[in-house]
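Below is one structure, written out as structure tokens; the observations come after it.
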Amino acid sequence: MISIQGQYYPGGTSEGQSATLNCAEQEGTLEVGATRLRLLLEQLEVSDRLAGLPRRLQLPDGGQFITLDNEAIDRWLASAGRRHVFSFLSFFEDSWHWALLALVAVPAVLFLLFTFGMPLIAKPLAAAIPHSVKEPLDARILGMLDERVLAPSELAESKRDALTHLYGKLQSVSGTKLLYRKGGALGANAFALPGGTIVLTDELVELIDSDGEFIAVAAHETGHVALNHSMRNLVQAAGVGLVLGWILGDLSAVTDIALVGVPGILQQLSYSRKLEAEADQYALGWLSFSGYSPACFSSLLTKLADRHGGDDERFPDFLSSHPSTASRTALGDSVEPCRDSDSTSPGGAR
Amino acid sequence: MGEPDYGALPLEELLEIERHMDPEAAPERYAEVRRQIELRHSGMGPAGSGNAGEADARSDAQEPEGARAVFTGSAGEYFRIWIVNLLFSLLTLGIYSAWATVRNRRYLYGNVELDGSRFDFHGSPLAILRGRILAVLLFAAYAFGGDFHYAVPLVALCLLIVAAPWIMVAALRFRLSNTSWKSLRFGFEATTGHAYRTFAVPAAITLVAYGALLGQAIVGQGDVLQGNLKAYFAWVLVMSLLAFWLIPTISFRARNLAFNNACFGQHRFSADIDSGVFYAAFLKAAGLGIVAIFAAILVTVVLGAALFPVIGLIDKQVVLATGGAVFYVVLILVYLLPFALWHVRTTNHAFSALRIEGTHFSMSMKVLEYWSILVTNAIAAVLTLGLALPWAKVRMIRFRLRCLRIQGELGGFAGDRGVTQSATGDQIGDAFDIDFGF
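These protein sequence lines map, in sequence, to chains A and B.
Here the first sequence is numbered in this note's numbering, starting from 1 and rising by one per residue.
Here the second sequence is numbered in this note's numbering, starting from 351 and rising by one per residue.
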């Protein structure tokens, strides 16, 4: 017979009285002073065990019996064959071993979730965003850039036309559009906007010595458009923040920075590196498909890295938005040097 | 050395003694301490926390009299519960997070002991899950909708402003009606209509300010502020000036609504809160904030000048990046000071005005102490990537309870209350980090 000491609160009052619960198999007797109450276990609502907190037994008449003797309650419940769904939680929570395991497992699971799970989910979600949403974004972003950084291109009209013509012959993705701007603070650069606008800066065009190099950069940016990278990027960025907020529940402003901000940015950079690598592969595929040497890709990259003063090496990989220049130029390793295409029909398949 | 009279010590001190005691070295004394703790816990002690006031009065005549609530839990224990439940949340892709929230809250509430009885949290995980889904969607629109269209976060913000009074009432109802002490539930009796009337003017003004932006965004070419610096500065100036009236007014009315409509059993809390304290505290905090900006600039410049010969040789960009980071950190640390001043002044005042039947409260937090806890908590949380959060939370709860006294009769309450099941307001409040004052 289990006997449990505790406090009895009749329904609707804050006045507790000390009481003893004598437990038989499926029922118990609550002794409060001279009064005895018969309780049926099946009619009791027993709170889940949590650390050493008092256990609450809700009586059907609104009264409560509260006790600190968790062990005795558990023994009683077990002997009556009543198992709590959450009783296993207490077992994990009470042990430092399991807590330390969780300490290792939490970052590991987060890493797996973000590295493999998120891109998997982001891809179809991003694909579901209609073109009508993406297209107006181009004008807005370009308008902002034009106002602040970019200036009208100073390249000779004939040069631009020639490049656009060359791109037009190769273009396999519908809806992309080449634009030229003076880069200003952006320097030698190229970027693709969500709706399919690709911008090349004058400074970049001046670095280009051959058709192959032009194809390399144009194809890389076309890859970003064709593979819907800007939308995947947006979805992933939003996803990281939302998942952390969703799982952690209540965050405060300061901890936001530590828990969501820093890992969020690192995760973002890792996604960005992955997308850049995808676009690189796309460009290499296009080069070989249209009869140019992959070396064109490397030679332009080398020139770009030189121009930007080898920025790359100062930051470790995990702090960069692009894979390292060394690993990227290695992609274009080829015995065949980059020279103007002798292939008479670039993009021959069409 | 004689045997100390453990029976006369308050529970918090007993727990402290127990933590530092070596059971092997002094088994009898340890057993006596354990026995006293058990007695207090079961509410049958010769010196329940009701007597703690007497012990305090004896030990320090300066201390305000009255009962104190104590936190009986430990940071380590809370950490284990937090991290284990966090892992389960992750493994269930966040669905379990609502159950985790309930367990965390139950632990924190359940370890607050007043007059020999613990608080308890009864919220339903399913209600929290439903509320959280809605809150996350709203938050997503606010935080990331701007990537797609400039107006999306503004629409979300306007929705939030329009819904704010309802959110506040719903959140307080859920929180309070799911909290109990001595087997009686708390509650919140203000109606949503009452809240809308209370906030009509400040909400309308805020709505007009953001609604104007929204209208511009829809009618015009997009972001009106980005193109027009003059309009932008005019808007910021007007909003800053308005803030001097809006923020203290909204905070005062929210506290007033919360403290005068909260109930325990059949009894209602009341508080004669003075709005002047809120306006004065805001003015002082704003002044302190301006000083804080200059202090942050000064510290950055001095540090920069001292360190420039060292790092200046490396790279211009590194210098700029470090300077920016230093300025940012200093700004955050210093900026918590005006916030601390504002929070401590208004909270002390509001709690000291609070009463229920013959019981009244007094709160005596110190600005610098509160600030130092905020700062060290923030540093610890950042350095441990959030792992110190449970410790930080327990520390803050201990501090708050230490500053709170309850005078008067702690018995004789009665009456059952209904229970609110919807947690939507509660979760939106959590997602946007809104503090409703209780």
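Heads up, the beta-carbon is just placed ideally off N, CA and C, and yes, glycines get one too.
Owing to the predicted nature of the structure, the values given are computational and were not obtained by experimental measurement.
In whole angstroms, what separates the C-alpha of residue i from that of residue j?
i, j, result
"B:PHE524", "A:LEU266", "37 Å"
"A:SER324", "B:GLU368", "57 Å"
"A:GLY212", "A:LYS123", "30 Å"
"B:LEU364", "B:HIS693", "31 Å"
"B:GLU433", "B:LEU509", "For clarity, residue 433 of chain B is Ile in the given sequence; the question names Glu instead. So the alpha carbons of these two residues sit roughly 35 Å apart."
"B:LEU361", "B:ASP470", "19 Å"
"A:HIS308", "B:THR696", "54 Å"
"B:GLU404", "B:MET715", "A caution first: B:GLU404 carries a pLDDT of 42, below 50, which makes its placement in the model unreliable, though a value can still be read off. When rounded, the distance between both Cα atoms is 21 Å."
"A:THR255", "A:LEU100", "Low confidence applies to A:THR255: its pLDDT is 48, below 50, so where it sits in the model is not reliable enough to give any reading."
"B:VAL502", "A:ASP333", "47 Å"
"B:SER616", "A:PRO10", "It is Gln, not Ser, that sits at residue 616 of chain B in the sequence shown. Going from the Cα of B:GLN616 to the Cα of A:PRO10 covers about 15 Å."
"A:PHE191", "A:GLY223", "11 Å"
"A:LEU251", "B:THR650", "Bear in mind that a pLDDT of 47 at A:LEU251, under 50, signals an unreliable position, so the model cannot answer this."
"A:ILE4", "A:CYS23", "8 Å"
"B:ASN435", "B:LEU704", "36 Å"
"B:VAL761", "B:PHE701", "Note on identity: in this sequence residue 761 of chain B is Gly, with Val being the wrong assignment. Those two C-alpha atoms are separated by around 20 Å."
"A:SER290", "B:ALA493", "43 Å"
"A:GLU336", "A:TRP98", "58 Å"
"A:ALA188", "B:ALA604", "55 Å"
"B:ASP410", "B:ARG418", "Residue placement at B:ASP410 cannot be trusted, given a pLDDT of 46 that sits under 50; what the coordinates show is reported in the next sentence. One C-alpha to the other measures close to 14 Å."
"A:PRO136", "B:TRP531", "57 Å"
"B:PHE677", "B:VAL641", "14 Å"
"B:GLY444", "B:LEU479", "9 Å"
"A:GLU42", "A:GLU71", "19 Å"
"A:TYR8", "B:VAL558", "55 Å"
"B:LEU504", "A:SER230", "23 Å"
"B:GLY400", "A:SER14", "Caution is warranted here: a pLDDT of 41 is assigned to B:GLY400, below 50, making its placement in the model unreliable, and the coordinate value is therefore given only provisionally. Roughly 15 Å between the two C-alpha positions."
"B:TYR428", "A:PHE91", "14 Å"
What does DSSP give as the partner residues of residue i in its beta bridges?
i, result
"A:PRO152", "A:ARG181"
"B:PHE421", "B:VAL462"
"B:ARG456", "B:ARG456 is not bridged to any residue."
"B:ASN698", "DSSP lists no partner for B:ASN698."
"B:THR789", "No answer is possible for residue 789 of chain B: it lies beyond the span of chain B, which begins at 351 and ends at 788."
"B:ARG755", "B:SER712"
"A:ARG55", "A:THR67"
"A:LEU21", "A:ILE4 and A:LEU30"
"A:ARG38", "A:THR29"
"A:LEU170", "In DSSP, A:LEU170 forms no bridge with anything."
If you run the structure through DSSP and keep just helix, strand and coil, what is residue i?
i, result
"B:TYR446", "coil"
"B:ARG750", "helix"
"A:HIS97", "helix"
"A:ILE2", "strand"
"B:ASP785", "With a pLDDT of 48 at B:ASP785, under the threshold of 50, the predicted position of this residue should be treated as unreliable, and no value is reported."
"B:MET713", "strand"
"B:ALA764", "strand"
"A:GLU31", "strand"
"A:PHE86", "coil"
"B:GLY537", "strand"
"A:SER272", "helix"
"A:HIS282", "Note on residue identity: the sequence assigns Tyr, not His, to residue 282 of chain A. Helix, per DSSP."
"A:GLN43", "helix"
"B:LEU737", "coil"
"B:SER722", "helix"
"A:THR329", "helix"
"A:GLN7", "strand"
"A:SER321", "coil"
"A:THR13", "strand"
"A:THR302", "helix"
"B:THR650", "helix"
For chain E, is any of its Cβ atoms less than 9 Å away from the one on residue i?
i, result
"B:ALA490", "Protein chains A and B are contained in the structure displayed, whereas chain E is not."
Open item on the list: Quick check for students: name the residue ranges of the beta strand (DSSP E) that lie wholly in the stretch 458-491 of chain B, counting only runs of 3 or more.
Closed with: 462-464 and 467-471
- [ ] Could I get the ranges of all uninterrupted alpha helix (DSSP H) runs contained in the stretch 541-628 of chain B, with 4 residues as the minimum, in chain order?
- [x] 542-569, 574-577 and 579-611
Open item on the list: For a minimum of 4 consecutive residues, which ranges assigned as the alpha helix (DSSP H) are wholly contained in the stretch 186-232 of chain A?
Closed with: 202-207 and 211-226
Task: Start-end ranges of the alpha helix (DSSP H) lying completely within the stretch 95-141 of chain A, minimum 4 residues - done: 96-112 and 118-127
Open item on the list: For the stretch 552-559 of chain B against the stretch 591-601 of chain B, do three or more pairs of beta-carbon atoms, one drawn from each stretch, fall closer than 8 Å, so that the two count as touching?
Closed with: yes
TODO: Give a yes or no on contact between the stretch 742-753 of chain B and the stretch 450-467 of chain B, applying the rule of three or more CB pairs nearer than 8 Å.
DONE: yes
Open item on the list: Between the stretch 234-243 of chain A and the stretch 294-308 of chain A, can you find at least three pairs of beta-carbon atoms closer than 8 Å?
Closed with: no
Task: Sufficient close CB pairs (3 or more, under 8 Å) joining the stretch 195-202 of chain A to the stretch 216-231 of chain A - done: yes
TODO: Take every Cβ of the stretch 587-597 of chain B, pair it with every Cβ of the stretch 673-690 of chain B, and state whether three or more of those distances are shorter than 8 Å.
DONE: no
Open item on the list: Quick check: the stretch 99-116 of chain A against the stretch 25-36 of chain A, are at least 3 beta-carbon pairs closer than 8 Å?
Closed with: no
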